[in-house]
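**Student:** Read in numbering that gives the first Met the number 0, the sequence shown has 289 at position 290, and its numbers run on one by one without any break.
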Amino acid sequence: MLHRLWMMAALAPLLLAGCAAWSPSPETPAPMHSILNTPVIDSGTGRPTTVEALAAQWRDVDVVIIGELHGHNGSHLLEARMQAALYAEHPDQVLSLEPFNVDHQSVLDRYLAGKLGEAEMIDDAEAWKNYRAGYRPLVAFAAELGLPVIAANAPALAVRCVGREGPDALTRLDPALQALLPEQPFLSDPAYRERFFEAMGGHGRGSGDDNPLENRYRAQLLRDNTMASRILHALQDHPGAQVLHITGVFHSEDRLGTVALLKARDPELEIRVLTPVTVDNPTHPSYNADDLSGGDAIYLLAPLPPEYLDQARMIDAIRQQFSDARDMTCP
0 MLHRLWMMAA LAPLLLAGCA AWSPSPETPA PMHSILNTPV IDSGTGRPTT
50 VEALAAQWRD VDVVIIGELH GHNGSHLLEA RMQAALYAEH PDQVLSLEPF
100 NVDHQSVLDR YLAGKLGEAE MIDDAEAWKN YRAGYRPLVA FAAELGLPVI
150 AANAPALAVR CVGREGPDAL TRLDPALQAL LPEQPFLSDP AYRERFFEAM
200 GGHGRGSGDD NPLENRYRAQ LLRDNTMASR ILHALQDHPG AQVLHITGVF
250 HSEDRLGTVA LLKARDPELE IRVLTPVTVD NPTHPSYNAD DLSGGDAIYL
300 LAPLPPEYLD QARMIDAIRQ QFSDARDMTC P
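1. With distance defined between alpha-carbon atoms, name the residue in 262, 237, 287 nearest to residue 28.
2. Taking the Cβ atom as the reference point for each residue, do residue 91 and residue 241 lie within a distance shorter than 8 Å?
3. Is residue 313 buried or exposed, if buried means 16 or more other CB atoms sit within 10 Å of its CB?
4. Determine the burial state of residue 307: buried for a count of at least 16 other Cβ atoms within 10 Å of its Cβ, exposed for fewer.
5. Cα separation between residue 260 and residue 191?
6. How is the alpha helix (DSSP H) around residue 121 delimited, first residue to last?
7. Compute the Euclidean distance between the alpha carbons of residue 318 and residue 250, then round it to the nearest angstrom.
8. Taking buried to mean at least 16 other C-beta atoms within 10 Å of its own C-beta, is residue 105 buried or exposed?
9. How would you call residue 32, buried or exposed, if buried means at least 16 neighbouring beta carbons within 10 angstroms?
10. Who are the near neighbours of residue 158 in its chain, counting only those whose CB is closer than 7 Å to its CB and skipping five residues on each side?
11. If you run the structure through DSSP and keep just helix, strand and coil, what is residue 185?
12. DSSP three-state call for residue 296: helix, strand or coil?
13. Could you name the residues of the same chain whose beta carbon sits closer than 8 Å to that of residue 185, not counting the 5 residues immediately before and after it, in chain order?
14. Check for me: the alpha helix (DSSP H) holding residue 257 runs from which residue to which?
15. Report yes if the CB atom of residue 100 is closer than 8 Å to the CB atom of residue 155, and no otherwise.
16. If you drop the 5 nearest sequence neighbours on each side, which residues of the same chain put their C-beta closer than 6 Å to that of residue 199?
17. Please check the pair residue 296 and residue 42, which I expect to be a contact at CB under 8 Å, by giving their CB distance rounded to whole angstroms.
18. Using 10 angstroms around the beta-carbon of residue 229, count the other beta-carbons present and answer buried if the total reaches 16, otherwise exposed.
19. By the three-class DSSP mapping on this structure, what secondary structure does residue 154 have?
20. Measuring CA to CA, which of 64, 88, 128 is closest to residue 257?
21. Indicate the three-state DSSP secondary structure (helix, strand or coil) for residue 97 in the structure shown.
22. Mapping the DSSP letters down to three states, classify residue 49 as helix, strand or coil.
23. Can you give me the Cβ contacts of residue 20 inside the same chain, cut-off strictly under 7 Å, excluding the 5 residues immediately before and after it?
24. Less than 8 Å between the C-beta atoms of residue 98 and residue 282, yes or no?
25. For residue 125 versus residue 103, is the C-beta distance shorter than 8 Å?
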């Protein structure tokens, strides 16, 4: 659920001099003008493409992972377009969602079976606040066609307690909750660890348990390993299906996080990654070779309006957002 904190605030126009190793010159897409316009760029060619063409290219892959900026309307619109385009090419589709935790799969299943209303599902599954605006179209599409929907994220209690108390917190969880967690829940890779610590401002503060960020990193790994495990289970439970997984960009960019852990568990998987890039100037959007390296394709997003201009109000809002987490008691 980390946003792209480490991302540069301004993207260099087209190719930078330091990117000379990348030869094709990207073709600037048409002006965006709107946060809802999401041009798609094929990373292999550096040129604009369409969701339909991309879906046709990715027809036979096992897993398509779309990184998103949580709450960005452009991300959610792109996801819905890509879901429909992939379905047209490969109707045996499974939708996997970070916004739902694995311990709420039964709630999601009851909703899909018509046994719960939407408000009941949102309450019982502790769905994200932007469910209706961001994820309802994806779930509705799957429900209409009778497609499976996977609650992919780690249980909130497990994540919070590992973040506070470390890996041993898992041993104190209810056995039923422990049974939902993956084997090797803290499987990691050095590049991802380095990126996480950089994003959290923990440069050079040691690599052992004395580092206060270690437990936060383990909580992040618990999310990624759970999502990777759930995707694998979905492929096993639905042979021949293609899994479309929706997640925050930090979990997938540069094929790190969930992507790397999925490949570590099954190196034979064919995975494609679609990554967002926020541009400076929506009227004349540009991208460079570093942006293209973030996935097999990228999609360009106009920046959102600032949420707060008053610093004090922003701090109060953040405190309120995390108040529920502070109240959560670990066993």
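Backbone N, C-alpha and C define an ideal beta-carbon position, used for all residues, glycine too.
**Tutor:** Walking through what the data contain:
1. Reading the sequence shown from its first residue, position 29 is the one you call residue 28. The option with the nearest alpha carbon to residue 28 is 287.
2. Here residue 91 refers to the residue found at position 92 when the sequence shown is read from its first residue. Here residue 241 refers to the residue found at position 242 when the sequence shown is read from its first residue. Yes. Within cutoff.
3. As a first step, residue 313 must be located in the sequence shown, where it is residue number 314. Residue 313 is exposed by the Cβ-count criterion.
4. On the sequence shown, position 308 is the one that residue 307 refers to. Exposed, since its Cβ has fewer than 16 Cβ neighbours within 10 Å.
5. Here residue 260 corresponds to residue number 261 of the sequence shown, with the count starting at 1. Here residue 191 corresponds to residue number 192 of the sequence shown, with the count starting at 1. For residue 260 and residue 191, the distance between alpha carbons rounds to 10 Å.
6. Position 122 of the sequence shown, counted from the first residue, corresponds to residue 121. First-last of the alpha helix (DSSP H) with residue 121: 117-123.
7. On the sequence shown, position 319 is the one that residue 318 refers to. On the sequence shown, position 251 is the one that residue 250 refers to. Rounded to whole angstroms, residue 318 to residue 250 spans 24 Å at the Cα level.
8. Working through the sequence shown from its first residue, we reach residue 105 at position 106. Flag for residue 105 reads exposed.
9. Looking up residue 32 in the sequence shown gives position 33. By the 10 Å Cβ count, residue 32 comes out exposed.
10. By 1-based counting over the sequence shown, the position of residue 158 is 159. Excluding sequence neighbours, residue 158 sits near 218, 221, 222.
11. On the sequence shown, position 186 is the one that residue 185 refers to. Here residue 185 sits in coil by DSSP.
12. Position 297 of the sequence shown, counting from 1, holds the residue named residue 296. Three-state result, residue 296: strand.
13. Here residue 185 is taken as the residue at index 186 of the sequence shown, counted from 1. The residues are 166, 217, 220, 221, 224.
14. Taking the sequence shown and counting its residues from 1, the one referred to as residue 257 is at position 258. Note, residue 257: alpha helix (DSSP H), 257-264.
15. Numbered from its first residue, the sequence shown carries residue 100 at position 101. Numbered from its first residue, the sequence shown carries residue 155 at position 156. Yes. Within cutoff.
16. Walking along the sequence shown from the start, residue 199 turns up at place 200. Excluding residues within five positions, the ones whose Cβ falls inside 6 Å are 212.
17. For the purposes of this step, residue 296 is identified with residue 297 of the sequence shown, where counting begins at 1. For the purposes of this step, residue 42 is identified with residue 43 of the sequence shown, where counting begins at 1. So it is a contact: roughly 5 Å between Cβ atoms.
18. If you number the sequence shown from 1, residue 229 lands on position 230. Per the 10 Å Cβ criterion, buried.
19. Within the sequence shown, the letter at position 155 stands for residue 154. Residue 154: coil per DSSP, three-state reduction.
20. Locating residue 257 in the sequence shown gives position 258, counting from the first residue. Comparing Cα positions, the closest option is 64.
21. Counted from its first residue, the sequence shown places residue 97 at position 98. In the structure shown, residue 97 sits in a strand (DSSP, three-state: E or B).
22. Here the question's residue 49 lines up with position 50 in the sequence shown. Three-state result, residue 49: coil.
23. Here the question's residue 20 lines up with position 21 in the sequence shown. Here residue 20 scores only 31 on pLDDT, less than 50, and its place in the model should not be relied on; the value that follows carries that caveat. Contacts found: none.
24. Taking the sequence shown and counting its residues from 1, one reaches residue 98 at position 99. Taking the sequence shown and counting its residues from 1, one reaches residue 282 at position 283. No, the pair does not count as a contact, with Cβ atoms beyond the cut-off.
25. As a working mapping, residue 125 is identified with position 126 in the sequence shown. As a working mapping, residue 103 is identified with position 104 in the sequence shown. Yes. Within cutoff.
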